[in-house]
Amino acid sequence: MSTANLLPLGVAIPLLGAVVLVLVGRRLPRVVSDFLVTSWAAAEVADLVLLWMRTGDGHAVSWLGGWRLQHGESVGIVLVNDRIGIGLALLTAVLVLAVVAYSWRYFEEPPAGHAGTFPALILLFEAGMCGFALTGDLFNAFVFFELMGAVAYALTGFRIEDPRPLQGALAFGVINSLAAYCSLLGIGLLYARTGELGFAQIGQKLTGHRTDALLVTAFVLVLIGPLVKGAVAPFHFWLPDAHAVAPTPVCMLLSGAMVELGVYGAARIYWIVFSGPHGIQHHVFRDTFVVAGVITAVVGAVMCWQQRNLKRMLAFSTVSHVGLFLVGVALLTPEGTAGTALYVAGHAGAKAALFGVTGTLLDRYGSVDEHSLYGRGRELPFAGVLFVLGGLALAGLPPFGTALGKAVAEHSAQSHAAWLPVVFVLASAATGAAVLRAGVRVFAGAGRRPRENHEVPETTGSGEEPEIRDPSRRVPLPMLAVPALLLCGSLALGLLPGIGRQLAQAARLFTDRAGYVGAVYGYTHASAKPPAADWTAEGIALGLASAALAVVFAAAALWGAPRDAQSVVRPLRRLHSGHMGDYVSWLVVGIAVLLVAVRAQL
């Protein structure tokens, strides 16, 4: 089968699976429904693996309905991608398959009449994410963006009998919908100027226009959607609230795939649409978004350290790592992109595994509160080992894939600013340390028993509604086997050199605008040499340093003298108020700051 046929199947397979489950899922026994959703998820993985292999060192292009370019113009929808986009879609499909397997014994008593709803929503979510990764059309990207968002709202508030998920889903829905409207307005401005909607076509038409206020406004508005979905500061406030209340399998997808798609979307749109000769200059994008990435990494790391709710802790860890991903792609180098791709893949396995283990705690104890769970996890030693290994992977311990990706990105960042690797080391160390601290406390009962601080309002995570109805049962095998396999996958990324080399070649294509445009318009273009994406002595040393710092920070929190840092972090905590109006205000402030920052540099 040709790549032109495999591309649309990457969207059609999960959509068809969702339709089948909606039509017949309620009438089928649970085991049959699980078999069907697993089969559809496996078929999607197989299609994208074949697409990855067939694409090779090039681009896959598919014009839907045969509506091809005529005299350089088109009204058709095009799916076009290289191995970075296909790889991200494949990563999403693998995580969906893992989540489906994890959920075999989940929701054993779903809401009445909704036995097939959850797996159908998961497949719809997969269709939105894979479509967003594979499309080459800006309006089509918006459609998949909205599909992804609408399904994520439903998944976050799936437990409608509990008001807390509904509140988290509402914040998620409102903020992401406002961001989507901004993106749609930006798309309208670009269409008014160029009469095109394809990435490549818009980029080509913009080469004949000067960079004026309309183009700058369109640039910022179009990127707002991906930046909000990617939880880049100050657009990140919805994410910890949603993670705290969403079902555990949903958290695995939100942190493992969806937020990374936001960073990918921002980078892809800039490279193809706005990086032309008369577009937004490289130094403008680089300086603006490197700063945004650093701020996001620092805010996420500080807030992660302050959490006792394990889900919120992992959510803020995701925010911090998203900042590092944004720095990597904002460097606008093949090396930075290759490192980020490896980092994203390794992080997805480690973070999904950590959420999976957290789900076992909620399954067993009805709590995700680090303090109230002190020492109670001793009866789950294997889960404890997985949790600690996940923390070390987040900290960047070699040979995990997170460490290799971080090392490659750090090397590229060092050429831009000598202090940037310090941000990578400290952010990964702080987030890894928070996970290690919680893991040792919960699963080993080590350190002092945490004391309560009633002067500071906290989201504890205690007294949660168990996500199953029989918390006295033994932990089902898939709920431990899936996190173990995900961690093995993260480890394999660092141990198999061929993966890094293939992603390095893909990063060369991703940063080659002329090659992408050539693939759409039907002509060839010679690309530059791919960057190196292998282990180096410097990268291993920095990985060991960040892991060692994480261990030191965790040990200091467990056995060191208590220190009150509330006066320093209280202002930052107050910003995360949970009030919808505050989050909307920060969305407006972020848009204004981006407009001023970009315009001032032109």
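The numbering of the sequence shown is the numbering used here, which starts it at 18 and goes up by one.
The beta carbon of each residue, even a glycine, is placed where N, CA and C say it ideally should be.
7 Å CB neighbourhood of residue i in its chain, flanking five on each side removed
i	result
F342	E277, V280, T357, Y360, V361
Q621	Residue 621 lies beyond the stretch modelled for the chain, which goes from 18 to 619, so this question has no answer here.
V586	V319, Q323
G130	Low local confidence applies: a pLDDT of 43 at G130 is under 50, so the model's placement there is unreliable, and no value is given.
L411	S334, A367, T419, S445, T448, G449, V452
H471	With a pLDDT of 48 at H471, under the threshold of 50, the modelled position of this residue cannot be trusted; read the value that follows with caution. Closer than 7 Å at Cβ, skipping near neighbours: no residue.
T224	G293, P294, H295
V92	W84
I30	W57, A60, E61, D64
G456	G401, F404, V405, G408
Nearest-angstrom Cβ-Cβ length linking residue i and residue j, presumed shorter than 8 Å
i	j	result
L397	T377	7 Å
A118	V499	5 Å
A550	G577	Not a contact, Cβ separation roughly 38 Å.
G27	L112	That belief does not hold up - the Cβ atoms of G27 and L112 are roughly 15 Å apart, past 8 Å.
V168	F142	4 Å
V54	L140	7 Å
Q618	V301	4 Å
T313	V339	6 Å
V316	M597	So it is not a contact: roughly 20 Å between Cβ atoms.
S563	V442	4 Å
A332	H260	4 Å
A110	A35	Incorrect: roughly 14 Å between the Cβ atoms, too far for contact.
L38	S50	7 Å
E427	G556	7 Å
R303	A347	6 Å
Contacting residues, own chain, Cβ-Cβ under 6 Å from residue i (five flanking each side not counted)
i	result
A21	S79
H253	V336
A58	V113, L114, V117
A235	G203, L206, L207
Q184	none
T291	Note that residue 291 is Phe in the sequence shown, not Thr. Hits under 6 Å: F236, I297.
Cβ-Cβ distance between residue i and residue j below 9 Å
i	j	result
G392	G282	no
G145	L96	no
L256	L271	yes
H433	V249	no
A524	E387	no
L201	L231	no
G242	A197	yes
L633	A369	Residue 633 lies beyond the range of the chain shown here (18 to 619); nothing can be said about it.
A400	L497	yes
A424	L108	no
L414	L561	yes
N527	T265	Note that residue 527 is Phe in the sequence shown here, rather than Asn. For F527 and T265, no; Cβs fall outside 9 Å.
V233	L612	yes
F175	C268	no
R454	A571	yes
G212	V537	no
Residues of its chain near residue i, where Cβ-Cβ distance is below 8 Å and the 5 sequence neighbours each way are ignored
i	result
G363	A410, F417, G418, T419, A420, L421, G422, S507, L510, G511
G539	L86
P127	Residue placement at P127 is poorly supported in this model, since its pLDDT is 49, which falls under 50; the coordinates still yield a value, given next. Excluding residues within five positions, the ones whose Cβ falls inside 8 Å are T134, F135.
G104	W69, A358, A362, L520, A523
L33	W57
T72	T20, N98, D99, R100, I103
L575	R454, V457, R458, A463, G464, R465
Boundaries of the beta strand (DSSP E) in which residue i is found, first to last residue
i	result
W623	There is simply no residue 623 to check, as the chain begins at 18 and stops at 619 in what is shown.
V49	Counting along the chain, V49 falls outside any beta strand (DSSP E), though it belongs to the alpha helix (DSSP H) covering 47-72.
L349	Element bounds for L349: n/a, residue is neither H nor E.
N98	95-98
Range of the contiguous alpha helix (DSSP H) that encloses residue i
i	result
I390	It should be noted that the sequence gives Leu, not Ile, for residue 390. Run containing L390: none; DSSP gives neither H nor E here.
V28	20-41
D551	Taken as a continuous stretch (DSSP letters only), D551 belongs to no alpha helix (DSSP H), as it is neither H nor E.
Q618	597-618
F291	Note, F291: premise wrong, no alpha helix (DSSP H); not H, not E.
N326	Premise fails: N326 is in no alpha helix (DSSP H) and is neither H nor E.
L172	155-173
I139	134-151
Whole runs of the alpha helix (DSSP H) within the stretch 488-539, excluding any shorter than 4 residues = 495-512, 514-527, 530-538
- What residue ranges within the stretch 393-459 form continuous alpha helix (DSSP H) runs of no fewer than 4 residues, ordered along the chain? 398-412, 418-433
For the stretch 217-281, list the alpha helix (DSSP H) runs that are entirely contained and at least 4 residues long, ordered along the chain.
-> 230-246, 255-262, 265-270
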